[in-house]
Every structure is written in C-alpha cells, then in structure tokens.
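**Student:** Mapping to this note's numbering: the sequence shown position 132 is 725, numbers consecutive.
Positions of the beta carbon are idealized from the N, C-alpha and C atoms, including for glycine.
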Amino acid sequence: MNADPRDLMEAAADVARKAGDVALDFFRRGIAVDTKSDGTPVTVADRTAEWTAREWLEAHFPEDGILGEEFGESRPGAKRRWILDPIDGTKTFIRGVPLWGTLVAVAEGETILAGAAYFPAVNELLVASPGLGCFWNGSAARVSEQDSLAQSVVLITDERFLQNPAKGQAWRELSRQASLSRTWGDCYGYLLVATGRAEAMVDEALSPWDAAALQPIIEEAGGVFTDWKGTRTAFGGDGIATNAALAKQVREVLGKGVRP
C-alpha cells in the first residue's frame, strides 16, 4: 500500500498515541513485573500497548511488516515495516517515574520514512518525517544553537557502561567538559535534545525499536543522529544525538571510546 509521507507521519503519531495511552492506564497501578530471557523487565502494560498498536496497523496497513520489542517480527519480507517500542523505559515506568515513552517508526529497509515519540505521562508528542520537519505538540521543534560544550547539557541513560568500559571513560570526559550532566535517559533524553533543552544524548546500546523513531526526530529538528562510529544510522547498535553546533566536538570526545 502506497502512502504519502505526511500520511505516514500522521499514522505514526496516531499509533504512538493509541499505544501510549493504553500503557498510561497501567502506570502507577502496582502491576506485576516479569523478566524476559535477556534479563530485562516486561509488564502487561508493554504487551497490551504493543498489541494495540499491532491491531491498528493490521487494520490500516495490512501489507506492511511489523517489528516490535515484545512480539517480534511479522511479514519479514514486506517492503515497508513498522518498528514499535510500546514502552521505552520500562524500568522507569515500573518505578512510577514519568520519563518513559512510546516509539513508532515506519521504514523501508533502513530508511526511516517517519517517526513518532509520545510521552503520555507528561503529555508531549514528537513526530517527524524527512523533509517535512519535526513537530512538538503541533509546533515546530528545533535543537538548541549552543556551540560551547562548557555551557552544554549532556544526557545519558546509564552512566555505568557495564558492557563497554572504554565508552564509559569517553563519556566521563564528555561529562567533565559539559556544564551539566544528567541521567534523564531513555527516549526522554532525545525529546530534550530535539526541543532545545539539552545538547547531547548518549546511549551505550540501542535496539532498532529504540532508535528508529528518534533518527528523523533529531534530524528534522536540526540535529545530528549517529552511532558511536559517526555513521548516520538507527541500526548501529548504539547512539549519539546532538544539536548541529556541537555535533563534531561531542563525537570527537566520544569517539575515543570506540574500539578500532
């Protein structure tokens, strides 16, 4: 099924809102937490929200594939696929902290056609499509113009860097040089970069459902989204988002943590 990029952007926003509002119904309700095979937590909120998104997509885009964190991939041979993270920040969610979101992207191969990030607990929505801009609750979103690392705000999800100590050392150097370093992480950190409230957001590891929606959001807000090697991709396994003014400097500092 062909679709105009603007229609895809609106669909991504609709799906994100529907799934996110379902998750919000479970928020701060004391729900049980299970552990997946990879050791990460999952709840009925994650599963119900993703199932809601899948049902809507099956009804409106029946020929498209779907890749979701909780229920895997359907129609893997489809030309176009939707990439879902029903609750990005489940650990945050289960502790009653509102800095979590629902991520939806639509892609052809590794080209992201549109992305949406919805933050139900704080009522903020970002949606973007290449060439059409990035919108924050309906208004244009822009990264900051801050060009001094010493005056910047840098963010991260988990500063322990349990998988890669070299990356951790590079992060600590970036943090030392910045004005303010905080762990306002998961997808919330990317919201802050896209809306000019922070200059850099860094993640040691990202799955496709973590990153796909965020690439067009950051880029269409005027920023730069890459993996740690500096490649413009949402499928590199890790991620760095910055404003444009500090893009080179931040990646030079963090690049020291990348194995040759």
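So what's Thr-750 in DSSP terms, helix, strand or just coil?
**Tutor:** The answer is coil: DSSP assigns Thr-750 none of H, G, I, E or B.
**Student:** Do Val-746 and Ser-772 have their C-beta atoms within less than 8 Å of each other?
**Tutor:** A contact, by the Cβ cut-off of 8 Å.
**Student:** Please identify the residue among Val-817, Asp-681, Thr-695 whose C-alpha is closest to the C-alpha of Arg-610.
**Tutor:** When only C-alpha atoms are compared, the closest one is Thr-695.
**Student:** So, for Phe-828: in the same chain, excluding its five sequence neighbours on each side, which residues have a beta-carbon less than 6 Å away from its beta-carbon?
**Tutor:** Glu-703, Pro-801, listed in sequence order.
**Student:** Enumerate in chain order the residues of its own chain whose CB-to-CB distance from Ala-837 is below 8 Å, with the five nearest sequence positions on each side excluded.
**Tutor:** Excluding positions up to five away in sequence, the list reads Val-736, Gly-815, Gly-816, Val-817.
**Student:** Are the CB atoms of Ala-698 and Ala-605 within a distance shorter than 8 Å?
**Tutor:** Yes. Within cutoff.
**Student:** Nearest-angstrom Cα distance between Thr-788 and Ala-710?
**Tutor:** Each residue's alpha carbon lies about 13 Å from the other.
**Student:** How big is the Cα-Cα spacing for Gly-823 and Arg-844?
**Tutor:** In a straight line, the C-alpha of Gly-823 is about 7 Å away from that of Arg-844.
**Student:** If you draw a straight line from the alpha carbon of Asp-657 to that of Ala-642, how long is it in whole angstroms?
**Tutor:** About 19 Å.
**Student:** Quick one: grab the DSSP three-state call for Asp-803.
**Tutor:** Three-state DSSP puts Asp-803 in a helix.
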